[in-house]
Amino acid sequence: MRCFPSRLARFVALSSVCSTLFLACGPDGGTPFAPESLPGQTRALAATGHKAFRVMTYNVRGPLDTGVRAWPNRKAAVLQRILANNADIVGVQEAQAPSGGPSIPADLIAGLTGADKPYGVHNPGGGSPKLIFFKKSRFEIAAEVGGGNEPLVNPYASSATCFSHAEGKKISWVGLRDLTSGQVYFVANTHFAYAAECSLGRLKEAEQMAAFLATKPAGLPVIAMGDFNADAQGQSTPGESTIEDLETGARLFRTARFDGVTGVDDATFNNAWHGSTSTKYNRLDYIFHNGGALTSSAPSIDRTESGGLTPSDHYPMLATLRPAIFAAGSTLSPTPSGTSTGTQLFFADVTGDGCADRITWNYAAGEGETWVAKSKCDGGFAAAVKNTGATSGVATTRFFFADVTGDGCADKVLWRPNLGDGEVRIYPAKCDGTFGDRVAVTHAASTSDATRFFFADITGDGCADLVRWNPTQKSGAFDTFVSKCNGTVSFGAAVTSTTGANTSAGTRVYFADVDGDAKADRILWNPDQEGGRTRVYRSTGAGAFALLFLHEAGTSGVDTSRFYFADVDGDGKADKVFWRPGFREGRMQIYPSTGSNFAGSPVMDNTGFSNSENTGFFFADIDGRDGADKVYWNPNNYDGDTKVFRALAP
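Shown next, in the form of C-alpha cells:
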C-alpha cells in the first residue's frame, strides 16, 4: 500500500526530524525550572477569535519644560509619532491639563479624534488622564464592559519626598470590541510612582494592579500597558521586583524579553533628553497580555527624532498582539524511565492513525527495549507497551522512527557503527505499535561513529528517504538513498550532494519542509559559521539541494542554543523554533516560515518555558489536527512525565 496525502507527507518529515533532534540536542544537565504558564487553565482548541493588531504605549511628557521642549513646540511631533506608527490601540501617559497651561489631553484628542481622524478615545478624566485611543475602523468601546479609573494606593506619609511621586496614580481601563472578530479585550493603562528611591510605591501599585487585573476583567483577555518606572533588568531599579510581581500576580506576560542588562537598544527612556551622556539605560515602558490564546510578536521602540530631538523623554513602544501558537493548558502522561537522564524520547506515527505516538528507550533499563505509548489523539498517550526484539543495551546505539515503506506507519530503525559492519537495520511497522523482522540496508552502512543518519521525505512521495552525512568523509557531502516507496524496505543507490557540504562536527543538520512543496529541505546551523545564521537548502528532487536562503534573524553563536524545525502553525511549511536555557527567561521564539524565508521577527511562546538545560523539547502532530504540537520533558520535573502543549493551528 502506498500513501501520499500531503498531510502525511508533511508529518513523516516532521516526525523524522523529531526522532533525530534528540540525539543532537538532548538534555545535558542543569537546574530544573519549568513552570507551566497559566497553571490549571484549560481551553477549547477551536479558533481563538483573536486577529493580530498593533498596540503602542507612549509617555508624552507633561508640560514641564520651556523653550524647544515646551509642549506647544513638540505637540505636532508627538501627534506625528502616534499617527505614523498607525497602532490600533494607543495608551498615553502624562497627558496633563494644568490650570492656566496648555492642555495636553485636549490637544491629543483634537489631533487624533473626530470625523476626519482615525481614532476614538476613552478619556477617564482627571488632571493627568491615562488616555486610551483606538482605531475606529478596528475597535469600539464595549458598552457591556464600559470603562473607568481605578485609583492606586499611595503608601507614603504626606511629609515624605515620595508622597508627591506616588500621589494621584490611577489605572485607566476600558473594554474594546474588535470589529473584525467580535472579541472583547480589557485594556488597562497606567503610570507608576517615579524616582528610584520610591520603590515601595511601585511595589504597592503593582500589588494592587495585579489584584485588580486578576478579578475586574471577568475572564476577558487583558492588555496592560504604561510607564512603570521600573526596569526589570536592573539599571534604574536594581533588585526591584515591580515588573515580576505584576506578571506573577496578574498572570501577565511581557511582549518583549531580552537577555542581560538593559542596553541602548532596549531602553525606552531617552537619557539624552536633557543632554545627559549617561550610559545607564532604562527600560521603563511595557506592554503586557495575559496569555492563553493570545501572544505577541514584533516588539519595537520608535527612536525617531524631530529637529534633532525626540518628541518626549520616553520613546514610543509597540508590539503586535496575535493568536498564540500553542494552547496554555497541557496534557501530562507517565513516561517509562522518565526520571532518568539516559532515557531518549521519539515521536512518530507508528500506528497510521495520523497522530504521533511516543517511543522511549533507555539502554540501561531492562534489556534496552523500546516502549510505545499510542497517542490518544487528544494530547495524551495510552499506557506504554514494551517492544520485544530490536533491543540494545549499548549507549552508542541510535534509534530512528520514520515511514520508509509508504504504508503510513513509521518504521523502526537501529544503527550502531560496530554492529553488523555498520549496516542500517530497519524493522517495518505492523501499524499496531509493534515491528516486524529486521531488514538490513547494507549499501548505506557506515562503521564511523562520526556518521549521522537522517530520515525524511526528500522527494515528496510520502516515504522517508535515508540521508547519510559524515563531516570527515567525502569533503562533508551528503548522500541520499531514496526510498523506492513500494511497500518494502528498499532504497536506491546513493545520490551525492555537495551543495552545502560541511566538514565541521559542530554543525547541526535538520530536515523539514520549509517551503511547503511536500519535500523535506536541509537546514544547517553552526554557532561558528555564517555568523550563527541558519542556512536552508531546498530539496529539488531525488537527493539534490540548492541554497534557498540564510536567515538573518534568530542567529546564535552560542553552542547551547537549540533549534527545531516543524510546522507549528499548520500552514504546511516548517517554522523555525529557537530556544536556549536562560535566554529570554526560557521562552521559545518562533519564526514562522513564509515559504521563501523565515519571519524577521519572532512570535513569543509563553507555554511550557524552561531555564533548565536538562529539558528536552519535541515537535510532532500528537493530536492529528495538523500543526506540530510541543512536547516538554525534563527528567527532574513532574516525575519525568511528558507534557503536551497542543498546537492552536486552525
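In terms of mature numbering (1 follows the signal peptide of the UniProt record, and there is no 0), the sequence shown is residues -24 to -1, 1 to 626.
Backbone N, C-alpha and C define an ideal beta-carbon position, used for all residues, glycine too.
Because the structure is a prediction, the values reported are computed rather than measured.
Presumed contact (8 angstroms Cβ cut-off) between residue i and residue j, rounded CB distance
i	j	result
Thr536	Arg556	6 angstroms
Asn99	Leu107	6 angstroms
Gly43	Ala73	No, Gly43 and Ala73 are not in contact; Cβ-Cβ is about 21 angstroms, not under 8 angstroms.
Asp497	Leu524	7 angstroms
residue 629	Leu189	Outside the modelled stretch of the chain, which goes from -24 to 626, sits residue 629, for which no answer is possible.
residue 638	Val465	One cannot answer for residue 638 here, as it falls past the ends of the chain, which runs -24 to 626.
Asp617	Asp605	In fact, because the Cβ distance is near 15 angstroms, the residues do not count as touching under 8 angstroms.
Ala208	Glu220	7 angstroms
Phe621	Ala303	6 angstroms
Gly546	Ala494	Contact flag wrong, Cβ pair sits at about 15 angstroms.
Tyr567	Gly603	Actually they are not in contact, since the Cβ atoms of Tyr567 and Gly603 sit about 16 angstroms apart, beyond 8 angstroms.
Tyr513	Gly476	5 angstroms
Arg392	Val370	6 angstroms
Contact check, residue i vs residue j, beta carbons under 8 angstroms
i	j	result
Ala542	Ala488	yes
Gly468	Lys460	yes
Thr280	Arg259	no
Phe139	Arg178	no
Cys353	Cys331	yes
Leu155	Ala186	no
Leu228	Arg30	no
Thr327	Lys362	no
Gly482	Asp504	yes
Asp278	Arg57	yes
Tyr95	His141	no
Ala300	Ala269	yes
Val485	Ala550	no
residue 628	Thr319	This structure cannot speak to residue 628, because the chain is shown only from -24 to 626.
Phe429	Phe376	yes
Trp149	Val129	no
Ile36	Ile80	The sequence shown places Val at residue 36, not Ile. For Val36 and Ile80, yes; Cβs fall inside 8 angstroms.
Asn247	Thr286	no
Tyr195	Gly151	Correcting the residue type first, residue 195 is Gly in the shown sequence and not Tyr. Going by C-beta atoms, Gly195 is not nearer than 8 angstroms to Gly151.
Thr296	Ser273	yes
Buried versus exposed, by CB contacts within 10 Å (16 or more), residue i
i	result
Glu216	buried
Arg563	buried
Pro105	buried
residue 631	A query on residue 631 cannot be resolved here, the shown segment of the chain reaching from -24 to 626 and no further.
Ala426	exposed
Val68	buried
Pro611	buried
His419	exposed
Ala625	buried
Glu173	exposed
Asp242	buried
Lys146	buried
Asp397	exposed
Pro48	exposed
Thr479	exposed
Ser572	exposed
Phe(-3)	The pLDDT assigned to Phe(-3) is 31, lower than 50, so where the model puts this residue is not dependable; a value taken from the coordinates is nonetheless given after this. Its Cβ being crowded by 16 or more others within 10 Å, Phe(-3) is buried.
Pro197	buried
Thr33	buried
Lys388	buried
Glu143	exposed
Ser134	exposed
Gly70	According to the sequence shown, residue 70 is Glu rather than Gly. Glu70 comes out buried.
His250	exposed
Trp609	buried
Thr448	exposed
Glu343	exposed
Identity of the residues DSSP links to residue i by a beta bridge
i	result
Leu442	Phe431, Phe457
Lys552	Phe541, Tyr567
Arg511	Leu500, Leu526
Phe162	Gly151, Val198
His98	Ile108
Residue i beta carbon near the ligand COA (any heavy atom closer than 7 angstroms)
i	result
Arg153	The ligand COA is absent from the structure shown, which contains no ligand whatsoever.
Closer than 8 angstroms to chain D by CB, residue i
i	result
Lys146	The structure shown contains no chain D; it is built from a single protein chain.
Could you give the uninterrupted runs of the beta strand (DSSP E) lying entirely in the region 271 to 301, keeping only those of 3 residues or more?
-> 293 to 299
Ranges of the beta strand (DSSP E) found wholly within the region 347 to 400, counting only runs of at least 3 = 374 to 378, 387 to 391
Can you list the alpha helix (DSSP H) stretches of 4 or more residues lying completely in the region 209 to 255, in chain order?
-> 218 to 226
Length at least 3, wholly inside the region 555 to 621: the beta strand (DSSP E) runs in chain order = 564 to 567, 579 to 581, 592 to 596, 605 to 609, 618 to 621
Which parts of the region 185 to 211 are runs of the beta strand (DSSP E), unbroken and 3 residues or longer, counting only runs that do not cross its ends?
-> 198 to 203
Residue ranges of each alpha helix (DSSP H) run of no fewer than 4 residues wholly in the region 104 to 158, ordered along the chain?
-> 137 to 142
Could I get the ranges of all uninterrupted beta strand (DSSP E) runs contained in the region 31 to 90, with 3 residues as the minimum, in chain order?
-> 65 to 69
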